[in-house]
Amino acid sequence: MTKQNIIKEEIRQLADRLCSNDDETIDFENRLFDMYSKAEKSEFLLIHNPGGWGSTRIENLLQWERSIIIGVDSTVKKMGYTVELLQYFRSKTGTKAIIDDCREQTKFFSFKSTLMAEELRFITRHVKNIRMVMIGVSQGAAFSNAVLQKLNGEDRIYSIEIGTPFFYKSKRIVTERTLTLSSNGLMPDALMEWNVPVILKTYFGAPVRWLKYRLQGKPEKFTYCINVPGHDYNWDYPEVQRVISEFLREKFGQKRDVEVAVQ
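Residue numbers (my numbering): 51 to 313.
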């Protein structure tokens, strides 16, 4: 039996233990094998956990969220490492998927975070010296934290958590492997600071903005019309770029320097 077939068989056995139906099993097996394949040919695995319902592809993200992914990817490459980037979709699209994710959010992603934690643990067992960094935004940041809480002792897995909503802060645990950003350095994040009047004004105003864009012949996705003041962490903001870059350099260092230290 080839190494690839052995890996697939181990993934199948893990899926049988964790998943409850055929669709879930197929998704799990395909996702984990893709993750393993990318990890095997790189030194760094960057894993983006999208905000919102956790199903938005990179090309459809808000510009600032996309800029963070590109910025982290570029920084790690400049440090001399080979990098593979992937997205981890904790839910699918559609009404049923949204309802399921809402239930999961009320339980601090109990089931879905267990799945991802087992997947990352599988990667560390089978890929020597791989380093993994989750990049989570908003609800995706909370999800990343829930995953990391289930990975005690896995010192090659880190989490960058950006703009975690206030209703998750009491459940969040911050360790030496966690970077949390609660401000973009320009203004407070209303969603982090529990600024309820501002949050309500933003959400109630979103349908008006959505309709306005449509009437102007420039339709936008509804989520693009929810612009909570301060909940914007563009990579071009000096403080955002500085804090994330310093975290990466502190934890991983320049590749050549790390290799010399090991020798």
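The C-beta atom is built at its ideal place from N, Cα and C for all residues, glycine as well.
For clarity, every value in this text was computed on a predicted model and none was experimentally measured.
Beta-carbon separation (whole angstroms), residue i vs residue j, contact threshold 8 Å
{"i": "Y208", "j": "V183", "result": "5 Å"}
{"i": "S194", "j": "N99", "result": "5 Å"}
{"i": "G186", "j": "I223", "result": "Not quite, the Cβ-Cβ distance comes to about 14 Å (not below 8 Å), so this is no contact."}
{"i": "I322", "j": "I212", "result": "For residue 322 there is no data in the structure shown, the boundaries of the chain being 51 and 313."}
{"i": "L68", "j": "E204", "result": "That pair is no contact at about 17 Å."}
Buried or exposed (CB count within 10 angstroms, at least 16 for buried), residue i
{"i": "F161", "result": "exposed"}
{"i": "G101", "result": "buried"}
{"i": "M166", "result": "buried"}
{"i": "I149", "result": "exposed"}
{"i": "Q54", "result": "exposed"}
{"i": "W114", "result": "buried"}
{"i": "L236", "result": "exposed"}
{"i": "S70", "result": "exposed"}
{"i": "V126", "result": "buried"}
{"i": "D73", "result": "exposed"}
{"i": "N234", "result": "buried"}
{"i": "E59", "result": "exposed"}
{"i": "E109", "result": "exposed"}
CB contact flag (residue i, residue j, <8 Å)
{"i": "T132", "j": "F94", "result": "yes"}
{"i": "I120", "j": "W285", "result": "yes"}
{"i": "T164", "j": "K200", "result": "yes"}
{"i": "M85", "j": "L135", "result": "no"}
{"i": "T230", "j": "L198", "result": "no"}
{"i": "A192", "j": "T225", "result": "no"}
{"i": "V177", "j": "A89", "result": "yes"}
{"i": "K305", "j": "M129", "result": "yes"}
{"i": "R206", "j": "I180", "result": "yes"}
Sheet register partners of residue i (DSSP bridge)
{"i": "S209", "result": "M184 and T228"}
{"i": "N99", "result": "G186"}
{"i": "E134", "result": "L95"}
{"i": "S233", "result": "P238"}
Inter-stretch contact at 8 Å, needing at least 3 Cβ pairs: the segment 53-70 / the segment 160-179:
yes
Cβ contact (3+ pairs, closer than 8 Å) linking the segment 287-300 and the segment 111-128
yes
State whether the segment 105-121 contacts the segment 141-159, with contact taken as three or more CB pairs (one from each stretch) at a distance under 8 Å.
yes
Touch check for the segment 151-158 and the segment 71-84: three-plus C-beta pairs under 8 Å?
no
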